[in-house]
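Peer 1:
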Amino acid sequence: MWFNEFLSKYKSGISHEFLFYFNVKDTMDNTRNFFRYIDDEFIKQRNFGIVAFYDISRGLTFLAPEMEREFKKIAGNEASKLFFSLPSRIFPFIDIALKSTKMALFIDHAEKIVPSGDIGSMTLEERMALIWMTEWSVNSKISSVGSTIFMLADNLADISREFLNSSYRIEPILVELPGEDERKNYIEFLLQDKSTSSEISIDEFAKLSSGLSRKSIKDIKLKAEAEGVPITFDFIKEKKHGVLQKEYGDVLDFIYPEISFEDIGGMEAAKSYLTKNIIEPIRRGDSRRVPMGILLCGPSGTGKTLLVEALAKSSGFNCVKIDMSRILGQYVGESEKNFKKCLLGAKSQEPVIVFVDEIDTAFRRGESGDSGVSRNIFSEFLQFTSNTNNRGKIIFIAATNRPDLLDAALKRAGRFDKKIPVLLPEKEERAEIFRIIIKKYGINTDIQDFVPYSEMAENYTGAEIDTVVRKAYELACNMKENHPVITDTILKEALKKCRPSTQEIEFMTELAIAECDDIDLLPEKYWPRFDRT
Ligand code: ADP
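Each step along the sequence shown adds one to the number in the UniProt record's numbering, with nothing skipped, and position 273 is 273.
This is the structure we're talking about:
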């Protein structure tokens, strides 16, 4: 927990200036906000002479009147006229106090004082604040007096990079969203008063509320109370979706999977691998066996996305999709900031499957070094995907049809435990896909056996079979608008009208086979091509 991290860093003397970020506006346990928590658990036991707060809009304030008097005594009366002024004017006086007496200083909205952006674009005011605040972090007088500085910000990426530079000793501390046990504890506390009824158990509520702060959980309860309805699965899901969408909607897609493995034709080897290595260990509670990451390789339209959704559904994990093109498309600074937010958002959904489609478009070989921004994003990404603490909690799945273009660092062992080829369906599989897709759309048909059509659909991907079925439906509607039925003639006609796009697909199939390192995941007909050297 963040507080323990802070305390151990404080005790080891690493620093006396800390930057708390992310979920800092939440309640930290059942009742206390950030300041109350620090006050009770840290300040009260340690004899601070002055406890003061500064933020741009409220200026300098004190916990108690005698502390204000003490401050004026130390810093001089002149200081008291400047309590509401900008950092450059009041910080010199705060500086005196920090060095003279044991003082705890809270600086809220640190990002407003030392905002991100390159140093050249900072205003003079911001530069002066930066100088004071960085100087405090390395000042030995301050540490010997025992003064401690607590800065707060919602997002680390909003803070000047210069400020977090390693030549200063400002320690960033991530205040995480509550974990499942903490949420459970809080929900128990909230529902004690019996003002709302709940149709689901506390355990279920705790599970469902992943990614929410205590504040948002409380909001859900208050909304149910105000609307006079009981808390139900759907009520939480709807409210949660609203909160997450508002918070992360610009960088993450939340997927609520509807399909299971039975809704995917073929892919037996992949399904069996995922069942044995992910779904079953998770059910047994043996998450150490679960791979950290999986790379799905194969031509577009072969059902890679479907596979991820079905895996999420069967494993009970949440599922988020990162759209890298949306993140990288933003202007410099913004994309980096949003990427950080996106990873935190993804992490907040633990246990979660994080899906990145078309990963090659974001992290191409040799290209990630081009600009500072994409390099930062890339290394952030590498760090996130190789963090073994996430094993069993975050499964990272990427899909690509051009594995040859991926940056080597990304493919190195440890990051993707498995590379699964997802190739064109075989004859029997295609027949199954025809049947599944017709059923999915709820279209009537008098066809029992799809094998003859699947023979005509050689080299079609699942997505192309989907197109054929929709074409057939269109033809069927043209014939009998009120009661469209896909018949033998219609399906054959549709097959004639839709062609597969062979060339690219052959090439992508080659690439996926070349990438595969486990023959068990390869259909038998490709075995002779499996390179054992
Ligand atoms: P990819 O992610 O590999 O590009 P998708 O998973 O998005 O492919 O598949 C696109 C569409 O093609 C799906 O929505 C589905 O209708 C159809 N499809 C592809 N493969 C299959 C399959 N094996 N079984 C059923 N439908 C499939």
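Glycine included, every Cβ here is placed at the ideal spot set by N, Cα and C.
#1: Restricting to runs no shorter than 4 residues, where is the alpha helix (DSSP H) found entirely within the stretch 95 to 141?
#2: Please check the pair F355 and K321, which I expect to be a contact at CB under 8 Å, by giving their CB distance rounded to whole angstroms.
#3: The beta strand (DSSP E) that contains V352, what's its start and end?
#4: Cutting at 7 Å between CB atoms, please list the residues of its own chain near I436, excluding the five before and the five after it.
#5: Starting from E180 and walking both ways along the beta strand (DSSP E), at which residues does that stretch end?
#6: Say yes only if the C-beta of D260 is nearer than 7 Å to one or more non-hydrogen atoms of ligand 1, and no if none qualify.
#7: For L164 and I170, I'd like the C-alpha separation in whole angstroms.
#8: Measuring from the CB of D323, is there a heavy atom of ligand 1 at a distance below 7 Å?
#9: Can you check whether the CB of A463 is closer than 8 Å to the CB of L495?
#10: Which whole-angstrom value describes the C-beta separation of P421 and I433, a residue pair presumed to lie in contact below a C-beta threshold of 8 Å?
#11: Tell me where the beta strand (DSSP E) around K418 begins and ends.
#12: Does the beta-carbon of F84 have 16 or more other beta-carbons within 10 angstroms, so that it is buried, or is it exposed?
#13: With distances taken Cα to Cα, identify the nearest neighbour of D55 among L63, F71, P87.
#14: When you compare the CB positions of E17 and S137, do they come within less than 8 Å of one another, or not?
#15: DSSP three-state call for S12: helix, strand or coil?
#16: Could you please give the first and the last residue of the uninterrupted beta strand (DSSP E) stretch that includes E171?
#17: Got a sec: does ligand 1 put a non-hydrogen atom nearer than 7 Å to the Cβ of K419?
#18: Hey, would you say the C-beta of A399 is under 7 Å away from at least one heavy atom of ligand 1?
#19: Along the beta strand (DSSP E) that carries K321, what are the first and last residues, could you check?
#20: My output table needs one value for S368: the three-state DSSP class, helix, strand or coil.
#21: For the candidate residues D404, K102, E68, whose alpha-carbon lies nearest to that of K44?
#22: Assign I119 to buried or exposed, taking buried as 16 or more other Cβ atoms, counted over all protein chains shown, within 10 Å of its Cβ.
#23: From the DSSP output, in three-state form, read off D407 for me.
#24: If you reduce the DSSP assignment to three classes, tell me which class residue 537 lands in.
#25: Any heavy atom of ligand 1 closer than 7 Å to the beta-carbon of D466?
#26: So, at 8 Å on beta carbons, what are the nonlocal neighbours of D370 in its own chain, with the 5 sequence-adjacent residues on each side left out?
#27: If you reduce the DSSP assignment to three classes, tell me which class Y441 lands in.
#28: Tell me which same chain residues have a C-beta within less than 7 Å of the C-beta of T302, skipping the five on either side of it?
#29: Mind listing, in chain order, the continuous alpha helix (DSSP H) runs of no fewer than 4 residues lying wholly within the stretch 225 to 253?
#30: Quick check on the burial criterion: 16 or more other C-beta atoms within 10 angstroms. Buried or exposed for D360?
#31: Would you mind stating whether N23 and S213 have Cβ atoms separated by less than 8 Å?
#32: Which one of V145, I142, F93, L152 has the shortest CA to CA distance from F106?
#33: Can you tell me which of the three DSSP states L424 falls into?
#34: Between which two residues does the beta strand (DSSP E) containing Y526 stretch?
#35: For K11, count neighbouring Cβ atoms within 10 angstroms of its own Cβ and tell me buried if that reaches 16, exposed if not.
Peer 2: By the coordinates alone:
#1: 110 to 113, 124 to 138
#2: 5 Å
#3: 352 to 356
#4: D263, G265
#5: E180 -> not in any beta strand (DSSP E); alpha helix (DSSP H) instead, spanning 180 to 191.
#6: Sequence inspection shows Ser at residue 260; the Asp mentioned does not correspond to that position. No, ligand 1 has no heavy atom inside 7 Å of this Cβ.
#7: 6 Å
#8: no
#9: no
#10: That belief does not hold up - the Cβ atoms of P421 and I433 are roughly 17 Å apart, past 8 Å.
#11: 418 to 421
#12: exposed
#13: P87
#14: yes
#15: helix
#16: 170 to 175
#17: no
#18: yes
#19: 318 to 322
#20: In this predicted model, S368 has a pLDDT of only 49, less than 50, meaning its place in the structure is not dependable; the value taken from the coordinates is given anyway. It is coil, neither helix nor strand.
#21: K102
#22: exposed
#23: coil
#24: Within the shown structure, residues of the chain are numbered from 1 to 533, placing residue 537 beyond reach of any answer.
#25: yes
#26: With a pLDDT of 49 at D370, under the threshold of 50, the modelled position of that residue is not reliable, and no figure is offered here.
#27: coil
#28: V422, L423, L424, T461, G462
#29: 233 to 248
#30: buried
#31: yes
#32: L152
#33: coil
#34: Y526 -> no beta strand (DSSP E), and no H or E assigned at all.
#35: exposed
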